[in-house]
Amino acid sequence: MGGRSGFARWKGSLPFAGAWFRLPPPAPPADLIETEERNKDRVRLLRDRYGILFRELLQNESEPFRWAALFRSLRLMELSGEVLAGYFFEGIPGPQFISHAAFRVLQRKLPDEAVYWLAATDPASLSGVGIEPLKANLPKRIGGTHLVYRGKDLVMVSQRNGKSLTFHAPPDDPRLTEYLGVLRHLLMRAFQPVRRVTIETINGEDASRSPYIDGLRTAFEVIIEHRHVVLYRKGG
């Protein structure tokens, strides 16, 4: 009796009876197969964007798209034949994975004489990738910077939307006007073209004293303003 009365006293001392119920069990961890398929989809997205994947290329991606998160999936996709692994480009440490389409492009002769430009922030740009040889030759990955190539050779860098130009080709290069296409784009693009491009420096010197001015005059209306060179569209 003493035991029962003790329990009754304990029960009666509770502040209220309450409505008690069992909590649901915690959700189980995500299914491993589902997680792997999600990672493979991320690899496919990156593969279609870049063509080739390696550790340094993915260092600026968000966490789920970085090398550590996707390396296992890349190896599985290599085993299944969806991607190829190997040493395709010199100077890149560690494994490289490439799409079949990109590998076919590499097997063909690349167009040595094609002139093209791209923004430093473009996914195809290697600016900002943590590989030492590239750090020395490419500008920072920031807006307003553009790279001009002739084949695989970097021939011009435009920074701050044309305020600073660096040429890696001589002033009498017969294709100089083609290299200036990125500046024409700034003046003539359909969306928010600029009225003029003011060049402050060319190859680190005052633009007004540059031997490249004659080449600029073949493509633009050129006005010298003190130490700067101002470009306008030809014909207005």
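Heads up: the sequence shown runs through residues 1 to 236, numbered per my numbering.
We put the beta carbon where it would ideally sit given N, CA and C, even for glycine.
Subject >> Identity of the residue in Arg-233, Gln-107, Asp-206, Ile-213 nearest Pro-170 by Cα >> reply: Ile-213
Subject >> Neighbour-count burial assignment, Thr-35, 16 or more Cβ in a 10 Å radius >> reply: exposed
Original post:
When you compare only the Cα positions, how much space is there between Val-182 and Gly-162?
Top reply: 9 Å
Subject >> Residue span of the beta strand (DSSP E) that contains Ala-119, given as start and end >> reply: 115-119
**OP:** State the Cα-Cα distance for the pair Leu-79 and Ala-119, rounded to the nearest angstrom.
**Re:** 35 Å
Subject >> Glu-225, enclosing beta strand (DSSP E) - first and last residue >> reply: 221-225
Subject >> Three-pair Cβ contact test at 8 Å for the stretch 118-137 versus the stretch 66-74 >> reply: no
**OP:** Tell me whether Gln-159 sits in a helix, a strand or coil according to DSSP, three-state version.
**Re:** strand
**OP:** With a 10 Å radius around its C-beta and 16 neighbouring C-beta atoms as the bar for buried, classify Met-188 as buried or exposed.
**Re:** exposed
**OP:** State the CB to CB distance for the pair Gly-151 and Ala-114, rounded to an integer number of angstroms; the pair is presumed to be in contact (CB under 8 Å).
**Re:** 6 Å
**OP:** Give the DSSP bridge partners of His-146, in chain order.
**Re:** Ala-119, Ser-158
**OP:** Below 6 Å CB to CB, which residues in the same chain sit around Gly-51 once its five sequence neighbours on both sides are set aside?
**Re:** Ser-99, Ala-102
Original post:
How do the stretch 189-206 and the stretch 219-233 stand: do at least 3 beta-carbon pairs fall below 8 Å, yes or no?
Top reply: yes
Original post:
So the alpha helix (DSSP H) His-228 belongs to, where does it begin and stop?
Top reply: Not the alpha helix (DSSP H): His-228 falls in the beta strand (DSSP E), residues 228-232.
Original post:
Which residue from Glu-205, Tyr-87, Ala-207, Leu-23 puts its Cα closest to that of Leu-106?
Top reply: Tyr-87
Subject >> Arg-175 classed as buried or exposed, judged by whether at least 16 other C-beta atoms fall within 10 angstroms >> reply: exposed
Original post:
Would a C-beta distance cut-off of 8 Å place Phe-258 and Leu-57 closer than the cut-off?
Top reply: Lying before the first or after the last residue shown, residue 258 is absent from the chain, which here runs from 1 to 236.
Subject >> Residue environment, Asn-60, which counts as buried when at least 16 other CB atoms sit within 10 Å >> reply: exposed
Original post:
Applying the criterion that 16 or more other CB atoms from any shown protein chain within 10 Å of the CB defines a buried residue, is Thr-201 buried or exposed?
Top reply: buried
Subject >> Outcome for Ala-124 when other beta-carbon atoms lying within 10 angstroms are tallied against a minimum of 16 >> reply: exposed
**OP:** Thinking Leu-237 and Ala-207 are a contact (beta carbons under 8 Å), I'd like their distance in whole angstroms, please.
**Re:** Here the chain covers residues 1 to 236 and nothing more, so residue 237 does not appear.
Subject >> Distance, Val-129 Cα to Pro-93 Cα >> reply: 12 Å
**OP:** Could you check the C-alpha separation between Tyr-116 and Val-43 for me, to the nearest Å?
**Re:** 27 Å
Original post:
Opposite Glu-205 in the DSSP bridges: which residues?
Top reply: Ile-202
Original post:
How far does the beta strand (DSSP E) with Ala-85 in it reach, from first residue to last?
Top reply: 84-86
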